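Trainee:
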Amino acid sequence: MNGDDARGGNGTEGTPTDSELSARLRRLETQIERKRPQAAADPSTRPRTNGSSALGQAMTLSTEFVAGVIAGGILGWIVDHVFGTKPWGLIVLLMLGFVAGVYNVMRVSGFSGARPERRDRQEP
Amino acid sequence: MAVTIDPIEQFELKPLVSLGHIGHQQLAFTQSALYMFAAVGVIALITIVATSSRSIVPGRMQSLAEIFYEFIADTLHQATGDGGKRFMPLVFSLFMFVLILNLFGMIPYSFAVTSHLIVTFGLAALVISTVVIFGVMKHGTHFFGLFVPSGVPKPLLAILVPIEIISFISRPISLSVRLFANMLAGHIAMKIFAFFVVQLLLAGAWSVLSPLPLFLTIALTALEFLVAALQAYVFATLTAIYLNDALHPGH
Chain E
1 MNGDDARGGN GTEGTPTDSE LSARLRRLET QIERKRPQAA ADPSTRPRTN
51 GSSALGQAMT LSTEFVAGVI AGGILGWIVD HVFGTKPWGL IVLLMLGFVA
101 GVYNVMRVSG FSGARPERRD RQEP
Chain A
1 MAVTIDPIEQ FELKPLVSLG HIGHQQLAFT QSALYMFAAV GVIALITIVA
51 TSSRSIVPGR MQSLAEIFYE FIADTLHQAT GDGGKRFMPL VFSLFMFVLI
101 LNLFGMIPYS FAVTSHLIVT FGLAALVIST VVIFGVMKHG THFFGLFVPS
151 GVPKPLLAIL VPIEIISFIS RPISLSVRLF ANMLAGHIAM KIFAFFVVQL
201 LLAGAWSVLS PLPLFLTIAL TALEFLVAAL QAYVFATLTA IYLNDALHPG
251 H
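Chain order of the listed sequences is E and A.
According to our numbering, the first sequence is numbered sequentially starting from 1.
According to our numbering, the second sequence is numbered sequentially starting from 1.
(1) Quick one: residues in its chain with C-beta nearer than 8 Å to the C-beta of A:Ser115, no 5 flanking neighbours on either side, listed in chain order?
(2) Is A:Val234 buried or exposed, if buried means 16 or more other CB atoms sit within 10 Å of its CB?
(3) So which residues of chain A does E:Leu96 contact, with C-beta pairs closer than 7 Å?
(4) Checking the sheet assignment: what are the DSSP bridge partners for A:Leu27?
(5) Taking Cβ to Cβ, would you say A:Phe68 is nearer than 9 Å to A:Ala246?
(6) For chain A, check one thing: does any of its Cβ atoms lie closer than 9 Å to the Cβ of E:Leu75?
(7) When you compare the CB of E:Val82 with every CB in chain A, is at least one pair closer than 9 Å?
(8) For A:Arg86, return the contacting residues in chain E, with the cut-off set at a CB-CB distance below 7 Å.
(9) Residues in the same chain with beta-carbon distance under 7 Å from A:Glu224, minus the five sequence neighbours each way, listed in chain order, please.
(10) Report, in whole angstroms, the separation of the C-beta atoms of A:Pro211 and A:Phe193, which I expect to be a contact under 8 Å.
(11) A:Ser176 and A:Leu117: beta carbons closer than 9 Å?
(12) Alpha carbon to alpha carbon, how far is A:Leu243 from A:Val131? Give it in angstroms, no decimals.
(13) By Cβ distance, which residues of its chain are closer than 6 Å to E:Glu64, with the 5 residues on each side in sequence left out?
(14) Name the two residues that bound the continuous alpha helix (DSSP H) containing A:Gln62.
(15) Do the segment 80-91 of chain A and the segment 146-159 of chain A touch if we need at least three Cβ pairs shorter than 8 Å?
(16) Alpha carbon to alpha carbon, what distance is there between E:Trp88 and A:Phe97?
(17) Looking at the strands, I want to know which residues DSSP matches up with A:Pro15.
(18) On the CB-based measure, 16 or more other CB atoms within 10 Å of its CB, does A:Arg178 come out buried or exposed?
(19) Pick out the complete beta strand (DSSP E) segments inside the segment 57-92 of chain E, 3 residues or longer, and give them in chain order.
(20) Counting only beta-carbon separations shorter than 9 Å, does E:Ala6 have a partner in chain A?
(21) So with Cβ pairs under 9 Å, would you call E:Pro43 a contact of chain A?
(22) Should E:Leu25 be flagged as near chain A, meaning a C-beta pair shorter than 9 Å?
(23) Locate the alpha helix (DSSP H) running through A:Glu9, then write down its first and last residues.
(24) Among the residues of its own chain, which have a CB less than 8 Å from the CB of A:Ser55, if the five just before and after it don't count?
(25) How would you call A:Tyr109, buried or exposed, if buried means at least 16 neighbouring beta carbons within 10 angstroms?
(26) Evaluate A:Pro153 with the Cβ neighbour count: other Cβ atoms within 10 Å of its Cβ, from every protein chain shown; 16 or more gives buried, anything less gives exposed.
(27) Can you grab the Cα-Cα spacing for the pair A:Gly204 / A:Leu216, in whole Å?
(28) Indicate whether at least one CB of chain E lies closer than 9 Å to the CB of A:Val40.
(29) For a cutoff of 9 Å on Cβ pairs, would you count A:Val227 as touching chain E?
(30) Would you say A:Thr51 and A:Ala65 are within 9 Å of each other, going by their C-beta atoms?
(31) For A:Ile192, does the three-state DSSP call read helix, strand or coil?
(32) Taking 9 Å as the cut-off, decide whether the C-beta atoms of A:Leu76 and A:Ala240 are in contact.
(33) Is it the case that the Cβ atoms of E:Leu93 and E:Val82 are separated by a distance below 9 Å?
(34) Measuring alpha carbon to alpha carbon, tell me which of A:Phe168, A:Phe143 and A:Ala125 ends up nearest E:Gly101.
(35) Once DSSP output is grouped into helix, strand and coil, what is the label at A:Leu202?
(36) Quick check: is the beta carbon of E:Arg46 nearer than 9 Å to any beta carbon in chain A?
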């Protein structure tokens, strides 16, 4: 009863509720906005959620890692062939490929959580 | 009686029509090519023929085609936003092609085309060259900003840029190897476990154990159907994600 009286006593009844409603709407919008980057970042982490089984995830992670090493190896072999730096291109780029493989795995498994977030902050 | 089996015999290419030679390499229309044509035929049946009536209340085939279309359209939209609509034909074709070929591989005595690395690598090369060509056409040199991570101190870039480039080159490799390895491993595992049934049946008293690998084979078959659909989906999703890099490069 008391609360009703207090509300009824407010002469400008329509405007406070209106502003209250719009405030609530704004709050909802900010909440949605806060949700949105997550939804946008979701595709980049897709492969992780896709492997519904642990086996699928293991397969994904291992291929990501092996692909990095293979790519480094191929690139090193090409560099050696083109520039005639026989063992060094392969050695250096194979190691970089190893790093790239670990990097791939970290990205797919979502271990490096900072990266997609950083990307979102910069896009707008 | 000794029964031997070669679990990778099923992946052998058999030339059906010889088209001549280049050097010592025979050019032939293999059963692999035949399966690919059959897959294209089935996809055409699902998409063109089934939707030709264009009824408002879809029939069985038409709703099947619509489910596939909506599914891929949703996936593409989630990954690339509105700008990705122009790639719908590419992603949809790739998804259907891989899906139908994977499912063809599940028919007994048939041949799984996607268990050949060169096929999957060809598809992955198509995807990645689309990404590079479209990215350069649309954004020019700005596209190569993809390889320069932002917010990193300058000296570190000397190490990080090569790593990013190698990581980018590894994409078509991982994309193709994932599909190829899944199909190859699944089909070999099914063959081996199915062969255990035969071997146990021939092993005298041990034959009481033969239902065990039989159940495992049945479970594996179900799993392989899941893998066939899942890998086609993963291929389409990753294609969409890579195309997103071409549309919006630079992180």
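Beta carbons: idealized from backbone N, C-alpha and C, even for Gly.
For clarity, every value in this text was computed on a predicted model and none was experimentally measured.
Mentor: In this structure, then:
(1) Locating residue 115 of chain A in the second sequence gives position 115, where the first residue counts as 1. Closer than 8 Å at the Cβ level, and outside the excluded window around A:Ser115, lie Phe11, Gly105, Phe180, Met183, Leu184 and His187.
(2) Start at 1 with the first residue of the second sequence, and residue 234 of chain A comes out as number 234. A:Val234 is buried by the Cβ-count criterion.
(3) For this step, residue 96 of chain E is matched to residue 96 along the first sequence. Under the 7 Å cutoff, chain A gives Pro162, Ile163 and Ile166.
(4) As a first step, residue 27 of chain A is located in the second sequence; it is residue number 27 there, counting from the start. For A:Leu27, which the question treats as bridged, DSSP gives the partners A:Gly20.
(5) As a working note, residue 68 of chain A is residue 68 in the second sequence. As a working note, residue 246 of chain A is residue 246 in the second sequence. Not in contact: A:Phe68 and A:Ala246 (Cβ atoms no closer than 9 Å).
(6) The residue you call residue 75 of chain E lines up with position 75 of the first sequence. Judged by the 9 Å Cβ criterion, E:Leu75 is in contact with chain A.
(7) Here the question's residue 82 of chain E lines up with position 82 in the first sequence. Judged by the 9 Å Cβ criterion, E:Val82 is not in contact with chain A.
(8) Here residue 86 of chain A is taken as the residue at index 86 of the second sequence, counted from 1. Per Cβ cutoff of 7 Å: no residues; A:Arg86 is ~17 Å from chain E at best.
(9) Walking along the second sequence from the start, residue 224 of chain A turns up at place 224. Excluding sequence neighbours, A:Glu224 sits near Met106, Gly186 and Met190.
(10) Here residue 211 of chain A corresponds to residue number 211 of the second sequence, with the count starting at 1. Here residue 193 of chain A corresponds to residue number 193 of the second sequence, with the count starting at 1. The Cβ separation is near 12 Å, so there is no contact.
(11) Numbered from 1 along the second sequence, position 176 holds the residue referred to as residue 176 of chain A. Numbered from 1 along the second sequence, position 117 holds the residue referred to as residue 117 of chain A. The answer is yes: Cβ separation under 9 Å.
(12) Position 131 of the second sequence holds residue 131 of chain A. Position 243 of the second sequence holds residue 243 of chain A. Whole-angstrom Cα-Cα distance: 6 Å.
(13) Residue 64 of chain E sits at position 64 when you count from the first residue of the first sequence. Excluding sequence neighbours, E:Glu64 sits near Asn104, Val105 and Val108.
(14) Within the second sequence, the letter at position 62 stands for residue 62 of chain A. A:Gln62 -> alpha helix (DSSP H) spans Arg60 to Thr80.
(15) no
(16) Taking the second sequence and counting its residues from 1, one reaches residue 97 of chain A at position 97. Taking the first sequence and counting its residues from 1, one reaches residue 88 of chain E at position 88. Roughly 42 Å separates the two Cα atoms.
(17) Residue numbering aside, residue 15 of chain A sits at position 15 when the second sequence is read from its first letter. Answer is A:Thr30, bridged to A:Pro15.
(18) The count along the second sequence starts at 1 and reaches residue 178 of chain A at position 178. Per the 10 Å Cβ criterion, buried.
(19) none
(20) In the first sequence, residue 6 of chain E corresponds to position 6, counting from 1. Caution applies to E:Ala6, whose pLDDT of 45 falls short of 50 and renders its modelled position unreliable; the value that the coordinates give is listed next. No, E:Ala6 does not count as interfacial toward chain A.
(21) In the first sequence, residue 43 of chain E corresponds to position 43, counting from 1. Per-residue confidence for E:Pro43 stands at a pLDDT of 45, beneath the threshold of 50, marking its modelled position as unreliable; the derived number appears in the next sentence. Output row for E:Pro43: interface = yes.
(22) Walking along the first sequence from the start, residue 25 of chain E turns up at place 25. By this cut-off, E:Leu25 is not an interface position.
(23) Your numbering for residue 9 of chain A matches position 9 in the second sequence. Premise fails: A:Glu9 is in no alpha helix (DSSP H) and is neither H nor E.
(24) Counting from one through the second sequence, the residue named residue 55 of chain A turns up at place 55. Correct list, in chain order: Gln62.
(25) Along the second sequence, one-based indexing puts residue 109 of chain A at 109. The residue is exposed, with fewer than 16 neighbouring Cβ atoms inside 10 Å.
(26) Residue mapping note: residue 153 of chain A aligns to position 153 of the second sequence, counting from 1. Label assigned to A:Pro153: exposed.
(27) Counted from its first residue, the second sequence places residue 204 of chain A at position 204. Counted from its first residue, the second sequence places residue 216 of chain A at position 216. The straight-line gap from Cα to Cα measures roughly 21 Å.
(28) In the second sequence, counting from the first residue as 1, residue 40 of chain A sits at position 40. It does not; no Cβ of chain E falls within 9 Å.
(29) For this step, residue 227 of chain A is matched to residue 227 along the second sequence. Answer yes: the Cβ-Cβ gap between A:Val227 and chain E drops below 9 Å somewhere.
(30) The residue labelled residue 51 of chain A in the question sits at position 51 within the second sequence. The residue labelled residue 65 of chain A in the question sits at position 65 within the second sequence. Yes, Cβ-Cβ distance for A:Thr51 and A:Ala65 is below 9 Å.
(31) In the second sequence, the residue the question calls residue 192 of chain A occupies position 192. Helix, per DSSP.
(32) As a first step, residue 76 of chain A is located in the second sequence; it is residue number 76 there, counting from the start. As a first step, residue 240 of chain A is located in the second sequence; it is residue number 240 there, counting from the start. Taking 9 Å as the Cβ cut-off, A:Leu76 and A:Ala240 qualify as a contacting pair.
(33) The residue labelled residue 93 of chain E in the question sits at position 93 within the first sequence. The residue labelled residue 82 of chain E in the question sits at position 82 within the first sequence. It is not a contact, given that the beta carbons lie outside the stated cut-off.
(34) Residue mapping note: residue 101 of chain E aligns to position 101 of the first sequence, counting from 1. That would be A:Phe168, whose Cα lies nearest to the Cα of E:Gly101.
(35) As a working note, residue 202 of chain A is residue 202 in the second sequence. Reduced to three states, the DSSP call for A:Leu202 is coil.
(36) Mapped onto the first sequence, residue 46 of chain E falls at position 46. Per-residue confidence for E:Arg46 stands at a pLDDT of 45, beneath the threshold of 50, marking its modelled position as unreliable; the derived number appears in the next sentence. So yes, E:Arg46 belongs to the interface.
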